[in-house]
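In what follows, a single structure is set out as structure tokens and then discussed.
Number of protein chains: 2
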Amino acid sequence: MIKIVVDMMGGDLGSQATVEGVLAFLKDHHDVELTAVGKIEELGLLKDKAQLVDARDVLPMEAGVLDAIRAKTASMSVAIDQVLANNADALVSSGSTGAYLGATSIRLKKIPGVLRPALISPFPTKSLGKQVVILDIGASNENSPQELVQFAMMGKLYSQSVLDVKEPKVYLLSNGSEPEKGSPESKEAYKLLDGKFVGFMGNIEARDALDGRADVIVADGFTGNVFLKSTEGIAKMMSGMIKDAFKRNFFSKIGYLLSKKGFTKMSVALNYKNYGGAMFLGLSKVAVKAHGSSDGLAFMHALRVAYRLAKAQVPSLIEKGIIQNA
Amino acid sequence: MIKIVVDMMGGDLGSQATVEGVLAFLKDHHDVELTAVGKIEELGLLKDKAQLVDARDVLPMEAGVLDAIRAKTASMSVAIDQVLANNADALVSSGSTGAYLGATSIRLKKIPGVLRPALISPFPTKSLGKQVVILDIGASNENSPQELVQFAMMGKLYSQSVLDVKEPKVYLLSNGSEPEKGSPESKEAYKLLDGKFVGFMGNIEARDALDGRADVIVADGFTGNVFLKSTEGIAKMMSGMIKDAFKRNFFSKIGYLLSKKGFTKMSVALNYKNYGGAMFLGLSKVAVKAHGSSDGLAFMHALRVAYRLAKAQVPSLIEKGIIQNA
Numbered sequence: 001m002i003k004i005v006v007d008m009m010g011g012d013l014g015s016q017a018t019v020e021g022v023l024a025f026l027k028d029h030h031d032v033e034l035t036a037v038g039k040i041e042e043l044g045l046l047k048d049k050a051q052l053v054d055a056r057d058v059l060p061m062e063a064g065v066l067d068a069i070r071a072k073t074a075s076m077s078v079a080i081d082q083v084l085a086n087n088a089d090a091l092v093s094s095g096s097t098g099a100y101l102g103a104t105s106i107r108l109k110k111i112p113g114v115l116r117p118a119l120i121s122p123f124p125t126k127s128l129g130k131q132v133v134i135l136d137i138g139a140s141n142e143n144s145p146q147e148l149v150q151f152a153m154m155g156k157l158y159s160q161s162v163l164d165v166k167e168p169k170v171y172l173l174s175n176g177s178e179p180e181k182g183s184p185e186s187k188e189a190y191k192l193l194d195g196k197f198v199g200f201m202g203n204i205e206a207r208d209a210l211d212g213r214a215d216v217i218v219a220d221g222f223t224g225n226v227f228l229k230s231t232e233g234i235a236k237m238m239s240g241m242i243k244d245a246f247k248r249n250f251f252s253k254i255g256y257l258l259s260k261k262g263f264t265k266m267s268v269a270l271n272y273k274n275y276g277g278a279m280f281l282g283l284s285k286v287a288v289k290a291h292g293s294s295d296g297l298a299f300m301h302a303l304r305v306a307y308r309l310a311k312a313q314v315p316s317l318i319e320k321g322i323i324q325n326a
Numbered sequence: 001m002i003k004i005v006v007d008m009m010g011g012d013l014g015s016q017a018t019v020e021g022v023l024a025f026l027k028d029h030h031d032v033e034l035t036a037v038g039k040i041e042e043l044g045l046l047k048d049k050a051q052l053v054d055a056r057d058v059l060p061m062e063a064g065v066l067d068a069i070r071a072k073t074a075s076m077s078v079a080i081d082q083v084l085a086n087n088a089d090a091l092v093s094s095g096s097t098g099a100y101l102g103a104t105s106i107r108l109k110k111i112p113g114v115l116r117p118a119l120i121s122p123f124p125t126k127s128l129g130k131q132v133v134i135l136d137i138g139a140s141n142e143n144s145p146q147e148l149v150q151f152a153m154m155g156k157l158y159s160q161s162v163l164d165v166k167e168p169k170v171y172l173l174s175n176g177s178e179p180e181k182g183s184p185e186s187k188e189a190y191k192l193l194d195g196k197f198v199g200f201m202g203n204i205e206a207r208d209a210l211d212g213r214a215d216v217i218v219a220d221g222f223t224g225n226v227f228l229k230s231t232e233g234i235a236k237m238m239s240g241m242i243k244d245a246f247k248r249n250f251f252s253k254i255g256y257l258l259s260k261k262g263f264t265k266m267s268v269a270l271n272y273k274n275y276g277g278a279m280f281l282g283l284s285k286v287a288v289k290a291h292g293s294s295d296g297l298a299f300m301h302a303l304r305v306a307y308r309l310a311k312a313q314v315p316s317l318i319e320k321g322i323i324q325n326a
């Protein structure tokens, strides 16, 4: 049995979205022992399907690390208590990212040998259906070359376990594709990976990151976060422009109706809700952070990611990987 | 008179595009003394309008710094010779960026007091017609807090002189909007700017960079380059998706015809050709780097940017700014 503890309260949409997500997830996952933490009166639909644990408080979205540590009665904190008390495999929450990273990294312990955990997230690519995972997208502000090498290893395990890529192609995010390009840390990491790490393909520029050639892209947390948010920003800007173009006049509205299907397909491909949120890799437990605005569908995907990582025992694979490379 | 020297040969489209750009530019700029450097037999149309200087060789697009220094007969090198010999105000080229940055920074000298020159480029924003300039987008791999402070000053002067923004709003690119967010260098730069630099508004996240609030965004060269290329990458991906959506079937093609105008407007807003290329700020001369694939229109815009910077005497304004802040 895979034991998953779920913080039912953290997201913007409250327990309605998470209950819906849990129900959908449990429909096709039968080897799961699920613990749902939240206001118990809102979790009635899960009564026969999960263990319910009451938690009265909810951390606000702007909560930071200290808030998360202090707020012992908040659903996120109680969920972490449950992970520890039941020796669960995985934790899923859609609460504040800052609070989540802080509280989990303090309370769930790092895997022995891991220098720094990393936040990893799948991104869509030009090759429809293919995803690329990028890490670290914001757990750290800076990373050493050795940390980047560990990220390569952890990202590869993620790609293999969750996305079923047999031989992931791993790149370093850089400002040019030549070996001598990059920040001082990434240039050093290049030397540590080149010829020694199976699947390492060299540097990749941000403009090629989503073109489908890469399975895993490694960046320091600051750069990875800028990448994540640049893509978000321009995607939002262009989506707004598309809407404006169609809203222009009567004819363009008809134009929208005629070409709607293709645009729906595009928005599905770009929709983060189909990608299951980010995952905090390098902790002794699987720790998935669903988007704050997750609806039922997005939350279900986050639960699936947690399930797959736990089922593949990714934390112990990482531990083995660290020992082999030490 | 504003003296501008133009490398006519460096771009992908050869002298045809640059001649067209120069002719269009000269039509409404009459206080210009223009020197055109290139294969003289291809520059016939400029005969009565510019001084022509023959150069037989062209640097390839993949040329690096050393190539640029060695290739003394290449049009880019001869153009730099001309800038120095005639004490010209500005240089414009659409040749290899690496070669251009290397050759100009070695031969055109930095402004006294400038720690590092920076590559600056305008970007479109959600607010139609409004541009934001971002620097450094790739001249350096890393930058000190003091360099970032100088970038803020240089970016502000650019925004005032070229884009006519009276009181530019200047931000630091960061992984969060709070003062304590950022890379170690940007956090330190924040402290140096906060309350001391007129127009400094704090940190901005990459996702908000193009939403129209900022006039100038400062980043280290590695991060700025990742930002530039992320936006390029996702814009390209989405443009491809839009094309596919319209090409889907007969109806969607009609849909395109009906909504075409709005999409043309969108592609004009996103088209780098309307933004005049990048500029290498901090050198004693105005040095504009047009896109390698510049057509006549793009090249004309690059010439305009060079003209405006030279007319406003931005290099000496930067020198004054450095002295005042020293």
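Top to bottom, those sequences are chains P and A.
In this text, residue positions in the first sequence follow my numbering: the first is 1, and each later residue adds one.
In this text, residue positions in the second sequence follow my numbering: the first is 1, and each later residue adds one.
By construction, the Cβ of each residue, glycine as well, lies at the ideal position given by its N, Cα and C atoms.
| Check | Outcome |
| --- | --- |
| What's the gap between the Cα of G333/A and the Cα of P168/P? | This structure gives no information on residue 333/A, because the portion of chain A shown stretches from 1 to 326. |
| Opposite N345/A in the DSSP bridges: which residues? | In this structure chain A extends from 1 to 326, so residue 345/A is not present and cannot be described. |
| When you compare the CB positions of G176/P and N203/P, do they come within less than 8 Å of one another, or not? | yes |
| Would a check of beta-carbon distances place L210/A closer than 8 Å to chain P? | yes |
| If we ignore side chains and look at the alpha-carbon of each, how far apart do L135/A and G221/A end up? | 7 Å |
| Cα separation between L257/A and Y307/P? | 47 Å |
| Quick one: is A141/A near chain P, going by C-beta distance under 8 Å? | The sequence given here has Asn at residue 141/A, not Ala. Yes, its Cβ sits closer than 8 Å to a Cβ of chain P. |
| Where does D28/A land, buried or exposed, given buried means 16+ other C-beta within 10 angstroms? | exposed |
| Any C-beta of chain A within less than 9 Å: which residues of the stretch 82-94 of chain P qualify? | none |
| My output table needs one value for D57/P: the three-state DSSP class, helix, strand or coil. | strand |
| Express the C-alpha separation of I40/A and G14/A in angstroms, rounding to a whole number. | 13 Å |
| Please list the partners that V226/A has in chain P, where partner means a Cβ-to-Cβ separation under 7 Å. | L173, N175, A206, T223, V226 and F227 |
| Which parts of the stretch 5-47 of chain P are runs of the beta strand (DSSP E), unbroken and 3 residues or longer, counting only runs that do not cross its ends? | 32-38 |
| So what does Y171/A bridge to, in DSSP terms? | G202/A and I217/A |
| I'd like to check one pair, G38/A with A245/P: are the Cβ atoms closer than 8 Å? | no |
| Mind checking who L52/A pairs with in its DSSP beta bridge? | A36/A |
| With distances taken from CA atoms, which of A90/P, V92/P, M61/P and V53/P is nearest T73/P? | V53/P |
| Can you say whether Q160/A is buried or exposed, counting buried as having 16 or more other CB atoms within 10 angstroms of its CB? | buried |
| Quick one: list the residues of chain A neighbouring K27/P, beta-carbon separation under 8 Å, in chain order. | None at all; the shortest Cβ gap to chain A is about 31 Å. |
| Roughly how many whole angstroms lie between the Cα atoms of E180/A and G321/P? | 34 Å |
| Could you check whether the Cβ of A152/P sits closer than 8 Å to any Cβ belonging to chain A? | no |
| Suppose the cutoff is 8 Å on Cβ atoms and the five residues either side in sequence are ignored; what does the same chain contact list for S86/P look like? | In the sequence on display, residue 86/P carries Asn and not Ser. So the qualifying residues of the chain are K3, V5 and T35. |
| Report the option in D208/A, V216/A and F151/A whose CA atom is closest to the CA atom of V165/A. | V216/A |
| Does the beta carbon of R248/A sit closer than 8 Å to a beta carbon anywhere in chain P? | yes |
| Provide the residue(s) that pair with M279/P in DSSP beta bridges, ordered along the chain. | I120/P and V288/P |
| For the structure I just gave you, are there three or more beta carbon pairs, one from the stretch 142-149 of chain P and one from the stretch 188-208 of chain P, closer than 8 Å? | yes |
| Compare the beta carbon distance of I318/P and M154/P with 8 Å and say whether it is the shorter of the two. | yes |
| Give me the chain P residues within the contact set of F200/A, using Cβ-Cβ distance strictly less than 8 Å, ordered along the chain. | Those do not exist, as F200/A stays about 20 Å from chain P at its closest Cβ, beyond 8 Å. |
| Assign K130/P to one of three DSSP states: helix, strand, or coil. | coil |
| Taking CB distances under 8 Å as the criterion, tell me whether P122/A reaches chain P. | no |
| Going by other Cβ atoms of all chains shown within 10 Å of its Cβ, with 16 needed for buried, is H30/P buried or exposed? | exposed |
| List the whole-angstrom C-beta distance separating A90/A from V288/A, where the pair is believed to meet the contact cut-off of C-beta under 8 Å. | 7 Å |
| Just reading off the alpha helix (DSSP H) that E142/P is part of, what are its end residues? | Taken as a continuous stretch (DSSP letters only), E142/P belongs to no alpha helix (DSSP H), as it is neither H nor E. |
| Which residue comes first and which comes last in the alpha helix (DSSP H) that contains R70/A? | V65 to R70 |
| Assuming contact is defined by CB atoms lying nearer than 8 Å, are A278/P and G11/P in contact in what I supplied? | no |
| I'd like to know whether the C-beta of E232/A is nearer than 8 Å to at least one C-beta of chain P. | yes |
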